[in-house]
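Residue numbers are given in the UniProt record's numbering: position 33 of the sequence shown equals residue 33, and the series is strictly consecutive.
Think of the CB as a built atom: it goes at the ideal place given N, C-alpha and C, for glycine as much as any other residue.
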Amino acid sequence: MGLCKPANCNLSKNNIYGILPYIAPEILGGQNYTKAADIYSFGINMYELISGLPPYYDLSHDNYLAIKICQGLRPRFNIKVPQLIVQLIKRCLDANQLNRPTAIEVINILRKWQYKESDNETVELQKQIKETEKINNNSRVHIKPSTSLGISYKSHSGAIYTKSLQINISQLNINENGK
1 MGLCKPANCN LSKNNIYGIL PYIAPEILGG QNYTKAADIY SFGINMYELI
51 SGLPPYYDLS HDNYLAIKIC QGLRPRFNIK VPQLIVQLIK RCLDANQLNR
101 PTAIEVINIL RKWQYKESDN ETVELQKQIK ETEKINNNSR VHIKPSTSLG
151 ISYKSHSGAI YTKSLQINIS QLNINENGK
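Spelled out as structure tokens, the structure:
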């Protein structure tokens with residue numbers, strides 16, 4: 001989730017190693033890795049799973065993108081998505097790590113949805129899923145299937161998902177407020 005680096009790679013305090021779209025903004029701003037940063041990465045994974053698109057596939061993965069992420073840029077859905085799911089993803093991607101849910105909180109929400117407990121929220125989610133499926137099926141903008149299992153899209157030539165980048169955060173000039 002943006003955290004792996006070769007074992008023999010010793011980085012200075014000003015360097016980050018990872019897959020840029022999955023790295024939490026506070027990490028890009030020079031703070032230490034926390035569990036909240038993993039929740040941010042999980043939110044990006046949820047976006048990718050639901051949308052069928054890698055995050056920021058249409059943008060170059062460079063210092064400019066890192067700055068934009070710190071300033072609040074987040075991936076946008078290409079389809080209609082149930083609001084309860086969007087709300088959970090937005091909480092995971094909150095710029096303030098203290099506002100993100102904990103892993104236990106996320107697990108409890110997902111379990112509740114999985115086991116279709118008959119509370120108001122789960123009933124509402126089921127209603128939203130039916131509505132969004134209807135909207136997506138009737139949409140004039142259809143997702144064009146590719147020859148693989150995913151959807152067809154054109155990545156920016158500078159979008160990099162297959163190797164970790166080493167980012168020097170001192171070059172980003174980001175203050176604590178992401179500006």
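Identity of the residue in the options nearest residue i by Cα
i, options, result
"N138", "I79, D119, E124", "I79"
"L110", "D58, M46, K68, Q97", "M46"
"L73", "I89, R91, A95", "A95"
Neighbourhood of residue i by C-beta, 8 Å cutoff - its chain only, sequence neighbours within 5 removed
i, result
"K35", "T102, A103"
"V106", "I39, F42, L88, C92"
Beta-carbon proximity list for residue i, same chain, < 7 Å, skipping 5 on both sides
i, result
"residue 188", "One cannot answer for residue 188 here, as it falls past the ends of the chain, which runs 1 to 179."
"L65", "L20, Y56, L59"
"I89", "G43, M46, Y47"
Integer Cβ distance of residue i from residue j, believed to fall under 8 Å
i, j, result
"A24", "Q87", "With a Cβ gap of about 19 Å, A24 and Q87 do not count as contacting."
Alpha carbon of residue i to alpha carbon of residue j, nearest angstrom
i, j, result
"I135", "L53", "19 Å"
"N108", "L49", "19 Å"
"I85", "D38", "18 Å"
"G2", "Y115", "Any answer about G2 is weak, because its pLDDT of 47 lies below 50 and its placement is not dependable; what the coordinates show is given next. The alpha-carbon atoms of G2 and Y115 are separated by roughly 31 Å."
"G69", "L93", "At residue 69 the sequence reads Ile, which differs from the Gly that was named. Rounded to whole angstroms, I69 to L93 spans 10 Å at the Cα level."
"R100", "L28", "17 Å"
Same chain only: Cβ atoms within 6 Å of residue i, ignoring 5 sequence neighbours per side
i, result
"E26", "Q97"
"S51", "F77, N78"
"P75", "Y47, P55"
Segments of 4+ residues assigned as alpha helix (DSSP H) that fall wholly inside the UniProt domain "Protein kinase" (1-114): Fully enclosed alpha helix (DSSP H) runs of 4 or longer: 25-28, 35-51, 63-70, 83-92, 103-114.
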